[in-house]
Amino acid sequence: MRIALTRVAEKSGDDKHLFAAFGHEVKIVSPLSAELHSNAVQQFVLAANDKQFDAIFFTSAYTAEVCAPILSRDIAKTCRITAIGPKTAEVLHNFGIAAETLPSFYSRDYVPHLGEWIYGKSVALPRAAVPNPDLINSIEEAGGIAYEYRIYSLTPTNTVLDVADCDAVLFTSSYSFKSSVMDFGGREIMPLAIGEITACTMRDYGVEPVVVGDGSLKGTLEALEKMI
27 MRIALTRVAE KSGDDKHLFA AFGHEVKIVS PLSAELHSNA VQQFVLAAND
77 KQFDAIFFTS AYTAEVCAPI LSRDIAKTCR ITAIGPKTAE VLHNFGIAAE
127 TLPSFYSRDY VPHLGEWIYG KSVALPRAAV PNPDLINSIE EAGGIAYEYR
177 IYSLTPTNTV LDVADCDAVL FTSSYSFKSS VMDFGGREIM PLAIGEITAC
227 TMRDYGVEPV VVGDGSLKGT LEALEKMI
């Protein structure tokens, strides 16, 4: 099966090998482009290396790839570092930074994961410039202090994503779905959602996903394999 993946080009990684492992071919289509904010990266890294935070939450592998090379290698000795998933954790580990992995792929589970430990702690959030008030509110309501660093912006490309030669299109986020302009070429193409939050957004727009993953690409492909 040829599957279009709504992935920011800068975050494509080794998608080709992952999809091939499930017997599929992936076609990267980019409804969004990433613009790095160098000043925000510098501000975050300087503060982190100065040991100003008790915890850091990396919500994407891209942010980890940008920041990890210039973070202190012993930062985990004084700071609790959490990665949203195994891919993000792998990036950090590859740069010699120890990190724990969130048991799910959803940032809403970050505070429950930390539990009472978060009370009174300063938490850095190097992330995309996409509003997530629920995450910040949950940290503050639990007694933590949130410091958000908007490391990069996601901007709609506003170009038609050619998926006419694909059998399915996998949406990797609610924002990527809402930003997608597609040309199906008159074909029926299976819509896939990487997780339940993306699926809910798709349904709000009248699109019912054929497969809903667990928030990860691997989990979505596993769910697709069970269906076919």
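Sequential numbering of the sequence shown, starting at 27, is according to the numbering used here. Every residue gets a Cβ at the ideal spot worked out from N, C-alpha and C, and that includes glycine. Every value quoted in this text rests on a predicted model; they were computed, and no experiment measured them.
Going straight from the alpha carbon of residue i to that of residue j, what length do you get?
i: K42; j: T32; result: 13 Å
i: P112; j: D40; result: 14 Å
i: I254; j: A73; result: 49 Å
i: D209; j: P217; result: 13 Å
i: A46; j: A30; result: 13 Å
i: E234; j: I101; result: 44 Å
i: K252; j: S202; result: 25 Å
i: I123; j: E248; result: 29 Å
Find the nearest neighbour of residue i within the set the options, judged by alpha-carbon distance.
i: H50; options: S200, D193, A168; result: D193
i: I144; options: S59, D80, S64; result: D80
i: K103; options: E116, Q78, S202, V238; result: Q78
i: N65; options: Y178, A94, A87, T85; result: Y178
i: V55; options: H139, V195, A47, N163; result: V195
i: F211; options: P217, A190, E248; result: Just to set this straight, residue 211 is Gly in the shown sequence, not Phe. Nearest C-alpha to G211: A190.
i: A60; options: V34, S199, Q69; result: V34
i: G169; options: S148, N184, T183; result: S148
i: P182; options: I165, A172, Y173, S200; result: S200
i: V71; options: I29, V52, V92; result: V92
i: K53; options: E142, R28, E116; result: R28
i: Y88; options: S164, E116, P235; result: E116
i: G146; options: T185, T114, I171, T224; result: I171
i: S164; options: A154, E142, Q69; result: E142
i: V67; options: R229, A154, T114; result: A154
When the distance is taken between beta carbons, is residue j closer than 8 Å to residue i?
i: F197; j: I215; result: no
i: L97; j: N75; result: yes
i: Y175; j: P152; result: yes
i: L187; j: P57; result: yes
i: A90; j: L118; result: yes
i: L180; j: V207; result: no
i: F121; j: P138; result: no
i: A109; j: L140; result: no
Under 7 Å Cβ to Cβ from residue i, same chain only, skipping five residues before and after it: list those, please.
i: E222; result: V238
i: E166; result: A172
What residues are listed by DSSP as bridge partners for residue i?
i: F48; result: In DSSP, F48 forms no bridge with anything.
i: E126; result: T108
i: D188; result: D209
i: I54; result: L31
i: A60; result: L180
i: R153; result: R176
i: P217; result: V195
Suppose the cutoff is 6 Å on Cβ atoms and the five residues either side in sequence are ignored; what does the same chain contact list for residue i look like?
i: S133; result: T85, L161
i: L62; result: Y178
i: M250; result: Per the sequence shown, residue 250 should be read as Leu rather than Met. Once the five neighbours on either side are set aside, the close Cβ partners of L250 are V237.
i: I107; result: I82, A125
i: Y173; result: A150
Which residues in the same chain have their Cβ closer than 8 Å to the Cβ of residue i, if we skip the five residues on either side of it in sequence?
i: K204; result: T227, Y231
i: R213; result: A190
i: F131; result: I110, G111, G221, D240, G241, S242, G245
i: D135; result: L128, P129
i: A225; result: A219, P235, V238
Any heavy atom of the ligand ATP closer than 7 Å to the CB of residue i?
i: S179; result: With respect to the ligand ATP, the structure offers nothing, as it holds no ligand at all.
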